[in-house]
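Q: Under the working numbering, the first residue of the sequence shown is numbered 40, with each subsequent residue one higher. C-beta: ideal position from N, C-alpha, C; glycine also. Values in this document were obtained by computation on a predicted structure and should not be read as measured data.
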Amino acid sequence: MGAAGKVSVITVSMLLFTLMLGALSGISRAEYEAQDVVVSNITPTSFTVSWKTPSATSGYVKYGVGTATTIAYDVRGSGNYYVHYVTITGLSPSTTYAYEIYINGEKATGDGASGDVTTKDANEPTTPFTIYGAVKRSDGGAPSEVVCYA
Numbered sequence: 040m041g042a043a044g045k046v047s048v049i050t051v052s053m054l055l056f057t058l059m060l061g062a063l064s065g066i067s068r069a070e071y072e073a074q075d076v077v078v079s080n081i082t083p084t085s086f087t088v089s090w091k092t093p094s095a096t097s098g099y100v101k102y103g104v105g106t107a108t109t110i111a112y113d114v115r116g117s118g119n120y121y122v123h124y125v126t127i128t129g130l131s132p133s134t135t136y137a138y139e140i141y142i143n144g145e146k147a148t149g150d151g152a153s154g155d156v157t158t159k160d161a162n163e164p165t166t167p168f169t170i171y172g173a174v175k176r177s178d179g180g181a182p183s184e185v186v187c188y189a
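1. Tyr102 and Ile142 look like a contact to me (Cβ under 8 Å); what is the Cβ gap, rounded to whole Å?
2. Going along the chain, which residues of its own chain have a beta-carbon closer than 7 Å to the beta-carbon of Ala95, five neighbours each way excluded?
3. Per DSSP, which residues does Val122 bridge with? Please list them.
4. Let me make sure I understand the geometry here. Which of Phe168, Pro164 and Lys159 has the alpha-carbon closest to that of Ile81?
5. Can the beta-carbon of Tyr171 be found less than 8 Å from the beta-carbon of Gly154?
6. To which residues of the same chain is Thr87 closer than 6 Å at the C-beta, ignoring the five residues directly before and after it?
7. For Ser131, which option in Val186, Thr157, Ser177 and Ala181 has the closest C-alpha, if you only look at C-alpha atoms?
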């Protein structure tokens, strides 16, 4: 076997080893994918980031002006959830904040997993409105986790 053949065998062997190692560890990149990311409830001093994960995971958001370094946790406290809801408070009006979602301690992937949010102007009027109703599963039971957007 020539040198080129040996290099091909080594390359294929390394690739198979890498794939087997990933399979044995049980960790897939999809585990760190933030799905259906929504930034909402933007006020002069706060905003909310919510997302779903394919399995129950822990999650938090890093945020900051310019660089995301401060951590904010799910409003329900620590725990593993499918639906995550992090409200960031104590912010300054009319300021742009960077945010990054973390899942199980790793920076998340997926659309909207990181970005920028600008808080509203302190003098900007807000018009509250009331929405009410019931959220039920298709079998009529109550869901364990729900986030509704209007």
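A: Working from what's here:
1. So it is not a contact: roughly 16 Å between Cβ atoms.
2. By the criterion of a C-beta distance shorter than 7 Å, Ala95 is surrounded in its chain by Asn119, Tyr120 and Tyr121, once the five residues flanking it on both sides are discounted.
3. Looking at the DSSP assignment, Val122 forms a beta bridge with Lys91.
4. Of Phe168, Pro164 and Lys159, the residue nearest in Cα terms is Lys159.
5. Not a contact, by the Cβ cut-off of 8 Å.
6. The residues Ser79, Asn80 and Thr126, in chain order, have a CB closer than 6 Å to that of Thr87 in the same chain once the five nearest residues on each side in sequence are set aside.
7. Among Val186, Thr157, Ser177 and Ala181, the Cα nearest to that of Ser131 is on Thr157.
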